[in-house]
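Input: a single structure, listed below in structure tokens.
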Amino acid sequence: MKRVVIAGAGQGGFQVAASLRQDGFDGEVLLFGDEPGLPYQRPPLSKEYIKTGNAERLLFRNADFFDKNAIRYLDGRSLTTIDRADRTVELDDGQTHGFDHLVLALGARNRRLPIPGMDFDGVMQLRTLADAERIRAAIAPGLSLVVIGGGFIGLEIAATAAAAGARVTVLEATDRLMSRVVSPAISAHFLAMHQACGVDVRLGTMARGIRGNDRGRAAAVEIDEGASIEADIVLVSAGIVPNVEIAEAAGIYVQDGIRVNDLMETSDPHISAIGDCASFPFGRDGILIRLESVQNAIDQAKCVVQRLLGHPEPYDKVPWFWSDQAAFKLQIAGLTAGADHQVARASDDGAKLTVHCFRQDTLIGVETVNAPADHMMARKLLALPQAPTLGAVEAKDFDLKAVFA
Ligand code: FAD
Numbered sequence: 005m006k007r008v009v010i011a012g013a014g015q016g017g018f019q020v021a022a023s024l025r026q027d028g029f030d031g032e033v034l035l036f037g038d039e040p041g042l043p044y045q046r047p048p049l050s051k052e053y054i055k056t057g058n059a060e061r062l063l064f065r066n067a068d069f070f071d072k073n074a075i076r077y078l079d080g081r082s083l084t085t086i087d088r089a090d091r092t093v094e095l096d097d098g099q100t101h102g103f104d105h106l107v108l109a110l111g112a113r114n115r116r117l118p119i120p121g122m123d124f125d126g127v128m129q130l131r132t133l134a135d136a137e138r139i140r141a142a143i144a145p146g147l148s149l150v151v152i153g154g155g156f157i158g159l160e161i162a163a164t165a166a167a168a169g170a171r172v173t174v175l176e177a178t179d180r181l182m183s184r185v186v187s188p189a190i191s192a193h194f195l196a197m198h199q200a201c202g203v204d205v206r207l208g209t210m211a212r213g214i215r216g217n218d219r220g221r222a223a224a225v226e227i228d229e230g231a232s233i234e235a236d237i238v239l240v241s242a243g244i245v246p247n248v249e250i251a252e253a254a255g256i257y258v259q260d261g262i263r264v265n266d267l268m269e270t271s272d273p274h275i276s277a278i279g280d281c282a283s284f285p286f287g288r289d290g291i292l293i294r295l296e297s298v299q300n301a302i303d304q305a306k307c308v309v310q311r312l313l314g315h316p317e318p319y320d321k322v323p324w325f326w327s328d329q330a331a332f333k334l335q336i337a338g339l340t341a342g343a344d345h346q347v348a349r350a351s352d353d354g355a356k357l358t359v360h361c362f363r364q365d366t367l368i369g370v371e372t373v374n375a376p377a378d379h380m381m382a383r384k385l386l387a388l389p390q391a392p393t394l395g396a397v398e399a400k401d402f403d404l405k406a407v408f409a
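For the sequence shown, the numbering used here begins at 5 and goes up steadily by one.
Put into structure tokens, the structure is as follows:
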């Protein structure tokens, strides 16, 4: 293998380049992405960055790292075409680059809502540093922010904006917050917290459209039965769509994401896909999923690198995730969607919460709030061949620590 080309310079793409060098690859590494500047991490965009505006701290590494490690990095360049027969990629600057192996780490883009008014000034979405800069500049004491979508990113911004003195309303179409990914106990905990911070949370409420003023700026979000909520800024945070189109146009198999096997190989063995853009078989049943998390992008990148270096190992990592909202750190080990039974335990002062989630008596995930030690133990627990049963966890004297004693 002489030349690895990595398309997409976010979390996964950067990790492939860094791990190739760290693990001794001595061929050429070309990493390119369509955003300007050096590769950076996204999680702080909806957390510290909105408060501090410190973009330097977002960078994975400074420019020296790429020089020292002989990683050729091209920013502001989009992949336009993959020629599988010639094993070349074409970029929007007209350049063509050959590859022995191509890694697609193209991430995802924000889902646009099919409602009127999405193009008014003041309607924002958050995915990139440029988006975060706009949101940060717009948030100010007293202005009214309407967040459409009560998921992780919308709620992180809601908490930060409320702390900065904005009047914040969150519209969530389902009957609880973060409903796609957390248990009802966690949803209830965060609902109470956001309300205590002064956020007006409207559950079961659909945004029907965004109304503008005569200067083309967003002025209000229309909800049910003719009602509307005044808005200076609207943040639409309604999920993401994986970037699969270029792979699909090249005849690579796509199924929700760019479909890969448990070694992260696409339907073309010379091309891998990782991170937010890839769908892969998960768990014992091999159900097809796509994960949108730092852990997944990093571990899948490492999985590809090991295979390219001649040590293939099926991808089999315990998923984990976090979200910081006001003073509350939510951490999730495993995947808890689809649980049919939950065991929730709060500390006496209510500051900490741990929820064990089961499906058919099998522990599938553990959600914690402000309990990082429990989270770390849960990650180990879920990697065990035999995790505790529902009966064991329900027992009054159940102690996570005792499992490892
Ligand atoms: P990305 O990091 O998105 O990188 C993909 C890159 O490819 C992007 O730079 C994109 O512009 C580029 N690209 C796309 N198309 C092309 C093209 N045609 N040519 C060239 N380049 C292209 N995860 C957590 O685990 N915890 C968190 O707390 C958390 N918070 C988040 C907060 C925010 C605001 C966001 C947006 C995401 C957050 N995530 C979080 C998710 C996490 O950042 C992603 O799952 C992770 O970045 C995925 O890595 P990736 O490499 O697959 O995609």
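Each residue gets a CB set at the ideal place from its N, CA and C atoms; glycine is no exception.
Quantities reported herein were computed from a predicted structural model and do not represent experimental measurements.
Annotated three-state conformation of Ala192 is helix, per DSSP. Note that the C-beta distance between Ala253 and Leu108 is not below 8 Å.
Shown here, Val9 sits in a strand according to DSSP, grouped into three states. Closest in C-alpha terms to Leu357, from the list Phe194, Asp260, Ala251 and Ser283, comes Phe194.
Assignment of beta-bridge partners to Glu252 by DSSP yields no partner. In this chain, Thr56 is not harboured by any beta strand (DSSP E); it is covered by the alpha helix (DSSP H) spanning Glu52 to Thr56. The way I'd put it, the stretch 195-206 does touch the stretch 152-164; three or more beta-carbon pairs between them come closer than 8 Å. About 5 Å separates the beta carbons of Ala387 and Val322, which is inside the 8 Å limit, making them a contact pair. In this structure, the C-beta of Glu94 stays at least 7 Å away from each heavy atom of the ligand FAD.
By the criterion of a C-beta distance shorter than 6 Å, Phe103 is surrounded in its chain by Arg7, Val9 and Arg91, once the five residues flanking it on both sides are discounted. Two segments are said to touch when three or more pairs of C-beta atoms, one from each, lie closer than 8 Å; by this definition the stretch 14-28 touches the stretch 292-310. Minimum Cα-Cα distance from Gly41 among the listed residues Arg206, Val33 and Tyr77 corresponds to Tyr77. Under the criterion of beta carbons closer than 8 Å, Ala112 and Asn247 qualify as touching, at roughly 6 Å. For Met128, DSSP records a beta bridge to Leu239.
The residues Ile152, Ala211, Val240 and Ala242, in chain order, have a CB closer than 8 Å to that of Leu117 in the same chain once the five nearest residues on each side in sequence are set aside. Distances from the CB of Glu52 to the heavy atoms of the ligand FAD are all 7 Å or more. Taking Leu207 as the centre and dropping the five residues before and after it, the same chain places the C-beta of Gly154, Glu176, Thr178, Asp179, Arg180, Leu181 and Leu195 closer than 8 Å to its C-beta, in chain order. DSSP, reduced to helix, strand and coil, places Val322 outside both helices and strands of the structure shown, so it counts as coil.
For Leu110, the closest C-alpha among the options Ala396, Ala74 and Gly261 is that of Gly261. Contact between Val174 and Val205 holds: their C-beta atoms lie close to 5 Å from each other, under 8 Å.
Look at Glu60 here: in three-state DSSP terms it is helix.
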